[in-house]
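Take a look at the structure set out below.
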Amino acid sequence: DTGVSQDPRHKITKRGQNVTFRCDPISEHNRLYWYRQTLGQGPEFLTYFQNEAQLEKSRLLSDRFSAERPKGSFSTLEIQRTEQGDSAMYLCASSRRRSGNTIYFGEGSWLTVV
Amino acid sequence: AQSVTQLGSHVSVSEGALVLLRCNYSSSVPPYLFWYVQYPNQGLQLLLKYTTGATLVKGINGFEAEFKKSETSFHLTKPSAHMSDAAEYFCAVSLYSGGGADGLTFGKGTHLIIQP
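If you're matching them up, the sequences are chains A and B in order. Counting along the first sequence from 1, when you hit position 106 you're at 106 in my numbering, and nothing is skipped either side. Counting along the second sequence from 1, when you hit position 17 you're at 17 in my numbering, and nothing is skipped either side.
Below you can see the structure in the form of structure tokens.
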């Protein structure tokens, strides 16, 4: 396994701009998760996919946020009209759909909105 | 609903001393419990997990944790701290062993400081 890969690792954007993050899960992992982590806090669940289907979305995921996993492999998280409150680390994770399997995290994508 | 409380946002121990990081959970059904470690500017790495079976769980880097249902606790321990253990530690709970329908619910984290 090559691990969960996220790109870009760091992004600085002006308020109001759109940003997109990409996540490549561990191969053959059919579950993919997005979390958000702000300074001094634990990660907060945003959404998850099983294959290409988005099965759960947190109420934290406002209308400005959209996530896709079109072919059941990589995923993108887009934030439209960014706000300063969106500044956080966005973590992607993946797992196999099987009881007892662990969720593996990527190294995260840092977003700073100025 | 499930939740996790980590007691102590910062814990400082001397190198070679016992490490004890506290975690209490709330869950309406039998939980699955996890400890993750996060080094600066990195993602989370699984230390150990409790799903079913033995309540004393051993993980990587010499850490272990004991699930105590009566106390709704899952405290993390290590007999002898090493400088490399300095990091942020997160306790997490899930209704599913893989963090299924609603993923993992994390505590706010405990920053472990190791003093030489």
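Backbone N, C-alpha and C fix where the C-beta goes; we use that ideal spot for every residue, glycine too. It should be emphasised that the depicted structure is a prediction, and the values quoted were computed from it without experimental measurement.
Per DSSP, the continuous beta strand (DSSP E) segment holding A/GLN37 begins and ends at 31 to 37.
Proximity to A/LYS14 across A/ASN51, A/GLU83, A/GLY108, A/THR76 peaks at A/GLU83, based on C-alpha coordinates. Straight across, the Cα-Cα distance linking A/SER5 with B/THR5 is about 30 Å. In this structure, A/ARG31 and A/LEU60 do not form a Cβ contact; the two beta carbons are roughly 19 Å apart against a cut-off of 8 Å. Separation of A/GLU78 and A/ARG22 (C-alpha to C-alpha, rounded to the nearest whole angstrom) is 9 Å. Between the stretch 39 to 50 of chain B and the stretch 14 to 25 of chain B there are fewer than three inter-stretch CB-CB distances shorter than 8 Å, so the stretches are not counted as touching. Taking a 10 Å sphere around the C-beta of B/GLY107, we find 16 or more other C-beta atoms and assign the residue as buried. Under the 7 Å criterion on CB atoms, A/GLU107 is classed as interfacial with respect to chain B. A direct Cα-to-Cα measurement between A/THR2 and A/GLN17 gives close to 32 Å. Close to B/PHE90, with beta-carbon spacing below 8 Å, are these residues of chain A in chain order: GLY42, PRO43. In the three-state reduction of the DSSP assignment, A/GLN80 falls in the coil class, being assigned neither a helical nor a strand state. As computed with DSSP, B/GLU66 is found in a beta bridge with B/LEU56, B/HIS75.
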